[in-house]
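In the working numbering, the protein residues as written are 89 to 410.
This is the structure:
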């Protein structure tokens, strides 16, 4: 099938941003949607199966509206993810009205769930005291959890954000790193800092640390505490032991939420050591106030290549579902 679309009135700057350097954006869309795009000036012809061709035309129209400025590769990838899932939803039937209309108060005005699983993940976080996000890298597990935490702090529904990770080496030893304990564990916590800086900005993150509204610490530092009126995130939870996970979950205090994220395919625990994430999801299945969402390669929003890498590893080394 071949579909055609022309943009009127012609805006050469928008067309250039839409197509990218040497039409690289068009080539990316062709590969992702398995279509062929031919452009002559402001006229586009899309050749391929009916559904992908229609999605390609809709995507081109959507991107053209946003093309007042150059379109970054990341923005194009997110648009492709959304286009793919919109097509899947259309083929499988109607979805819940307003499912993607969750608005989070962060510095990123365009932040929202890009896939059905991401939307459901956000709903779980907002509607439950304890939520699990389980799946491969690039699915937004940690980033969306931090966004919900920032939103809760902005709305004053919590008094502070507490972010933690187990300091488990991925094939390397902490003792060989220079510096004191804080300097040794800082690389493990860096992804959390990056998400906060992106969602709040450097100045606001610094201010939040100063007034005690923001805390980032290794998991071992959580022992013996009760976390009241806090939004608590445990990242890389696949590297917790059973006792560490129990210790963490029992820190939950009044007016608090917990989000636990992890990737069962990237466990760095010693051989034979059972992951606390695996055990906790099984034990808490059906417990009121606790929900879990499982992401897959189709939810990867980082880059399409990352999704293909995840799929290749899943085929070669299937991971047991937790």
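Glycine is no exception: its CB is placed at the ideal position from the N, C-alpha and C atoms. Nothing here was measured: the structure is a model prediction, and the numbers come from that model.
(1) For residue 158, which three-state DSSP category applies?
(2) From which residue to which residue does the alpha helix (DSSP H) around residue 324 run?
(3) Does the ligand GTP have a heavy atom nearer than 7 Å to the CB of residue 210?
(4) Does the distance from the CB of residue 248 to the CB of residue 301 come in under 8 Å?
(5) Can you round the beta-carbon distance between residue 347 and residue 233 to whole angstroms, since I take them to be within the 8 Å contact cut?
(6) For the segment 239-248 against the segment 336-351, are there 3 or more C-beta pairs whose distance is under 8 Å?
(7) In its own chain, which residues sit with a C-beta less than 7 Å from the C-beta of residue 152, not counting the 5 before and 5 after it?
(8) Compute the Euclidean distance between the alpha carbons of residue 213 and residue 389, then round it to the nearest angstrom.
(9) Could you name the residues that DSSP lists as bridge partners for residue 131?
(10) Ignoring anything shorter than 3 residues or poking outside the segment 354-389, list the beta strand (DSSP E) runs there in chain order.
(11) In whole angstroms, give me the CA-to-CA distance for residue 40 and residue 92.
(12) Using 10 angstroms around the beta-carbon of residue 227, count the other beta-carbons present and answer buried if the total reaches 16, otherwise exposed.
(13) Between which residues of its own chain and residue 178 is the CB-CB distance below 6 Å, once the five residues before and five after are set aside?
(14) Could you give the C-beta distance for residue 382 and residue 159, rounded to a whole number, given that I count them as a contact under 8 Å?
(15) Express the C-alpha separation of residue 121 and residue 169 in angstroms, rounding to a whole number.
(16) Taking Cβ positions only, does residue 127 come closer than 8 Å to chain C?
(17) Leaving out the 5 sequence neighbours to the left and right, which residues in its chain are closer than 6 Å to residue 280 when beta-carbon positions are compared?
(18) Look at the Cβ atom of residue 237, then the Cβ atom of residue 321, and state whether they are nearer than 8 Å.
(19) Taking the alpha-carbon of residue 201 as reference, which of 194, 195 and 210 has the nearest alpha-carbon?
(20) Relative to the C-alpha of residue 325, which residue among 123, 229, 139 and 131 is closest?
(21) Does the beta-carbon distance from residue 203 to residue 386 come in below 8 Å?
(22) Which of the three DSSP states is assigned to residue 349 in this structure?
(23) If we count the other Cβ atoms within 10 Å of its Cβ and call it buried at 16 or more, is residue 396 buried or exposed?
(24) Would you mind working out which of 287, 147, 352 and 368 sits nearest residue 337, comparing C-alpha positions?
(25) So, are the CB atoms of residue 315 and residue 253 less than 8 Å apart?
(26) What residues in its chain sit with their C-beta under 6 Å from that of residue 219, if we drop five residues either side in the sequence?
(27) Using the C-alpha atoms, what's the distance from residue 149 back to residue 372?
(28) Taking all protein chains shown into account, do 16 or more other C-beta atoms lie within 10 angstroms of the C-beta of residue 333, making it buried, or fewer, making it exposed?
(29) When DSSP builds the beta bridges, which residues end up paired with residue 304?
(30) How long is the line joining the alpha carbons of residue 292 and residue 286, rounded to whole angstroms?
Taking the coordinates as given:
(1) By one-based count along the chain shown, residue 158 stands at place 70. In this structure, residue 158 counts as coil in the three-state DSSP scheme.
(2) Along the chain shown, one-based indexing puts residue 324 at 236. Element bounds for residue 324: n/a, residue is neither H nor E.
(3) Here there are no bound small molecules, and the ligand GTP is not part of this structure.
(4) Position 160 of the chain shown, counting from 1, holds the residue named residue 248. Position 213 of the chain shown, counting from 1, holds the residue named residue 301. If you check the CB distance, residue 248 and residue 301 come in under 8 Å.
(5) On the chain shown, position 259 is the one that residue 347 refers to. On the chain shown, position 145 is the one that residue 233 refers to. With a contact defined as Cβ atoms closer than 8 Å, residue 347 and residue 233 qualify at about 4 Å.
(6) In short, these stretches touch, since the Cβ pair count reaches three.
(7) Translated into positions along the chain shown, residue 152 becomes position 64. Counting only residues of its own chain and dropping the five nearest sequence neighbours on each side, residue 152 has a CB closer than 7 Å to the CB of 95, 102 and 106.
(8) What you label residue 213 is simply residue 125 of the chain shown in a count that begins at 1. What you label residue 389 is simply residue 301 of the chain shown in a count that begins at 1. The alpha-carbon separation between residue 213 and residue 389 amounts to approximately 19 Å.
(9) Against the chain shown, residue 131 aligns to sequence position 43. Secondary-structure assignment with DSSP links residue 131 through a beta bridge to 94 and 128.
(10) Here the runs fully enclosed are 378-382.
(11) Any answer about residue 40 is impossible in this case: the structure gives the chain only from 89 up to 410.
(12) Position 139 of the chain shown, counting from 1, holds the residue named residue 227. Classification of residue 227: buried, given that the 10 Å Cβ count is 16 or more.
(13) Mapped onto the chain shown, residue 178 falls at position 90. In this predicted model, residue 178 has a pLDDT of only 47, less than 50, meaning its place in the structure is not dependable enough to derive any value.
(14) The residue labelled residue 382 in the question sits at position 294 within the chain shown. The residue labelled residue 159 in the question sits at position 71 within the chain shown. No, residue 382 and residue 159 are not in contact; Cβ-Cβ is about 31 Å, not under 8 Å.
(15) Taking the first residue of the chain shown as position 1, residue 169 is located at position 81. Taking the first residue of the chain shown as position 1, residue 121 is located at position 33. A direct Cα-to-Cα measurement between residue 169 and residue 121 gives close to 10 Å.
(16) Checking the listed chains, one finds no chain C in this structure; it contains a single protein chain.
(17) Position 192 of the chain shown, counting from 1, holds the residue named residue 280. The residues 251 and 304, in chain order, have a CB closer than 6 Å to that of residue 280 in the same chain once the five nearest residues on each side in sequence are set aside.
(18) The sequence position of residue 237 within the chain shown is 149, counting from 1. The sequence position of residue 321 within the chain shown is 233, counting from 1. The criterion of a C-beta distance shorter than 8 Å is satisfied by residue 237 and residue 321.
(19) For the purposes of this step, residue 201 is taken as residue 113 along the chain shown, with counting starting at 1. For the residues 194, 195 and 210, the minimum Cα distance to residue 201 belongs to 210.
(20) What you label residue 325 is simply residue 237 of the chain shown in a count that begins at 1. When only C-alpha atoms are compared, the closest one is 229.
(21) Taking the first residue of the chain shown as 1, we reach residue 203 at position 115. Taking the first residue of the chain shown as 1, we reach residue 386 at position 298. Taking 8 Å as the Cβ cut-off, residue 203 and residue 386 qualify as a contacting pair.
(22) What you label residue 349 is simply residue 261 of the chain shown in a count that begins at 1. Looking at residue 349 - three-state DSSP - the assignment turns out to be strand.
(23) Reading the chain shown from its first residue, position 308 is the one you call residue 396. Residue 396 is exposed by the Cβ-count criterion.
(24) Here residue 337 corresponds to residue number 249 of the chain shown, with the count starting at 1. Residue 337 has its Cα closest to that of 368, out of 287, 147, 352 and 368.
(25) As a first step, residue 315 is located in the chain shown; it is residue number 227 there, counting from the start. As a first step, residue 253 is located in the chain shown; it is residue number 165 there, counting from the start. No Cβ-Cβ contact shorter than 8 Å links residue 315 with residue 253.
(26) Locating residue 219 in the chain shown gives position 131, where the first residue counts as 1. Answer for residue 219: 212, 213, 347 and 379, listed in chain order.
(27) As a first step, residue 372 is located in the chain shown; it is residue number 284 there, counting from the start. As a first step, residue 149 is located in the chain shown; it is residue number 61 there, counting from the start. Roughly 45 Å separates the two Cα atoms.
(28) Here residue 333 is taken as the residue at index 245 of the chain shown, counted from 1. Under this definition residue 333 is a buried residue.
(29) The sequence position of residue 304 within the chain shown is 216, counting from 1. For residue 304, which the question treats as bridged, DSSP gives the partners 251.
(30) Indexing the chain shown from 1 puts residue 292 at position 204. Indexing the chain shown from 1 puts residue 286 at position 198. C-alpha of residue 292 to C-alpha of residue 286: approximately 11 Å in a straight line.
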